[in-house]
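Take a look at the structure below.
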Amino acid sequence: MSCTQQQLDDIFESLVALTEGVPAVEQGALLAQLVLVLAAKLDDAPAIEAAIAEVAQRAGRTLARTLP
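Structure below.
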């Protein structure tokens, strides 16, 4: 199911509201928690991993896993 532009705009606005005024370290923790909740609710971890990789690539970053 595709999202409309309005739905995407609403999601973006919610993300801004979630992280606005929050220190960077806490923002990272909030966004990590969000991704984990989405992965559980959507039951599609590979799609979440692909989305993370896509965002990293767009930002010119490589993903290096550091947790054992």
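Be aware that the sequence shown starts at 4, since it is given in my numbering, and climbs by one per residue. Glycine included, every Cβ here is placed at the ideal spot set by N, Cα and C. Model, not experiment: these values are computed from the prediction.
- P71 carries a coil assignment under DSSP once its states are collapsed to helix, strand and coil.
- DSSP places S17 inside the alpha helix (DSSP H), whose first and last residues are 8 to 22.
- Cβ-Cβ distances below 7 Å link A42 to A48, I51 in the same chain, with the five nearest sequence neighbours on each side left out; the list follows chain order.
- Counted as a single uninterrupted DSSP element, the alpha helix (DSSP H) harbouring V28 occupies residues 27 to 45.
- Within its own chain, the residues whose Cβ lies closer than 8 Å to the Cβ of A59, once the five positions on either side in sequence are excluded, are T65, L66, listed in chain order.
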